[in-house]
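In our numbering, the protein residues as written are 5 to 351. Beta carbons are placed, not taken as given, at the ideal position from N, Cα and C, and that holds for glycine.
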């Protein structure tokens with residue numbers, strides 16, 4: 005029988021982050037994966053939470069990576085937890101004595117704070133002081149991207165949580181999973197960010213596709229990215245497309261309802277759909293056009309979570325599109341709101 009000390013040695017703690025309002029769904033996915041071995045504690049209700057599991061850190065990370073939850077956007081391991089008096093000295097003292105880094109590692113320091121934490125010390129000041137400390141102790145190379153390790157720090161008014169991990173072990177190498185893209189001059193819409201993030205989240209390379217079908221394309225955020233990736237794009241929507249896109253010779257715009265268009269079979273190797281319709285209506289429309297998607301082709305579809313029953317919505321969508329499309333992965337992206345994005349393959 006495992007002793008209390010052995011049980012503690014096999015426990016690990018993490019901070020989980022989801023889109024606001026979906027923290028409980030992320031927790032439910034974790035609970036299903038680890039059954040009765042997990043305890044939760046809110047940090048920011050319905051968004052950020054602590055979870056403690058009776059398994060060691062590496063085992064938990066591996067299980068989450070191989071069974072990635074749809075609503076858990078980011079995790080931070082908690083290797084060190086201590087009462088914090090709000091001072092820089094307290095942070096530096098604990099970081100210097102409790103954390104251990106290998107010499108010469110490219111290290112990214114990511115700092116997050118709750119709104120209740122005072123502004124006496126900025127995140128920039130904390131990062132600069134920690135960089136100096138870690139350079140002195142372990143000769144680290146401070147970087148913002150492409151790091152060997154990430155040192156994550158989460159601060160509340162009375163607690164500090166610190167952890168060390170490889171970038172891929174956090175589900176996202178962005179702090180809190182908050183992926184920020186720079187808005188471009190003349191950008192059609194912010195929906196483009198959603199498809200950019202989906203490309204990363206699903207491990208896709210849109211440069212590898214030749215011909216794309218964008219259903220419900222207006223005003224053209226997703227169409228614009230497909231064109232930038234060099235594809236021939238057919239965009240379908242009864243509403244108007246951005247006038248700047250219409251000059252692109254690789255674009256065919258059909259200003260019609262998607263139910264009223266026809267194509268040659270196997271015309272496209274990519275189908276995308278970001279429509280503000282109910283999931284079942286959207287699935288019916290998409291299914292009616294799947295003859296035009298090549299076998300082995302990719303579909304990227306946004307699922308609107310209109311009735312706050314996300315697991316049921318995804319289950320119904322997958323069933324409605326089966327067996328023509330085979331579900332690969334679903335993720336509520338940082339740029340999703342009351343929705344999530346799914347990746348499927350044509351069978």
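| Asked | Found |
| --- | --- |
| Do you know offhand how far residue 33's Cα is from residue 20's? | 12 Å |
| Applying the criterion that 16 or more other CB atoms from any shown protein chain within 10 Å of the CB defines a buried residue, is residue 69 buried or exposed? | exposed |
| Comparing alpha-carbon positions, which option in 304, 60, 280 and 148 lies nearest residue 310? | 280 |
| Measure from the alpha carbon of residue 48 to the alpha carbon of each residue in 101, 87, 120 and 38, then state which is nearest. | 120 |
| Looking at the strands, I want to know which residues DSSP matches up with residue 329. | 350 |
| Take residue 156 and list the residues in its own chain whose beta-carbon comes closer than 6 Å to its own, dropping the five residues that flank it on each side. | 80, 114 and 167 |
| State the Cα-Cα distance for the pair residue 271 and residue 84, rounded to the nearest angstrom. | 55 Å |
| Does the stretch 175 to 187 come into contact with the stretch 225 to 237, if we say contact requires no fewer than three beta-carbon pairs (one atom in each stretch) closer than 8 Å? | no |
| Beta-carbon within less than 6 Å of residue 10's beta-carbon, same chain only, minus the 5 sequence neighbours each way: which residues are those? | Bear in mind that a pLDDT of 44 at residue 10, under 50, signals an unreliable position, so the model cannot answer this. |
| Under three-state DSSP, which class holds residue 166? | strand |
| Pick helix, strand or coil for residue 104, following the three-state DSSP scheme. | coil |
| Could you tell me how far apart the beta carbons of residue 22 and residue 77 are, in whole angstroms, since I believe they sit closer than 8 Å? | 6 Å |
| Go ahead and label residue 351 buried or exposed: buried means 16 or more other beta carbons lie within 10 angstroms of its beta carbon, across all protein chains shown. | exposed |
| Pull up the DSSP beta-bridge partners for residue 68, would you. | Bridge partners of residue 68: none, in fact. |
| Can you tell which of 256, 158, 254 and 125 has the C-alpha that lies nearest to the C-alpha of residue 53? | 158 |
| Determine contact between the stretch 262 to 269 and the stretch 293 to 312, defined as no fewer than three beta-carbon pairs at a distance below 8 Å. | yes |
| Can you have a look at residue 227 and say buried or exposed, based on whether 16 or more other CB atoms are within 10 angstroms of its CB? | buried |
| Below 8 Å, how does it come out for the stretch 138 to 154 and the stretch 99 to 116: are there three or more Cβ pairs, yes or no? | yes |
| Could you tell me the distance, in whole angstroms, from the CA atom of residue 127 to the CA atom of residue 73? | 29 Å |
| Are residue 206 and residue 333 close, meaning C-beta to C-beta below 8 Å? | yes |
| Just how far apart, CA to CA, sit residue 154 and residue 124? | 24 Å |
| Is residue 26 helix, strand or coil when you go by DSSP? | coil |
| Only counting the same chain, and skipping five residues up and downstream in sequence, which positions put a Cβ closer than 6 Å to that of residue 17? | 56 and 82 |
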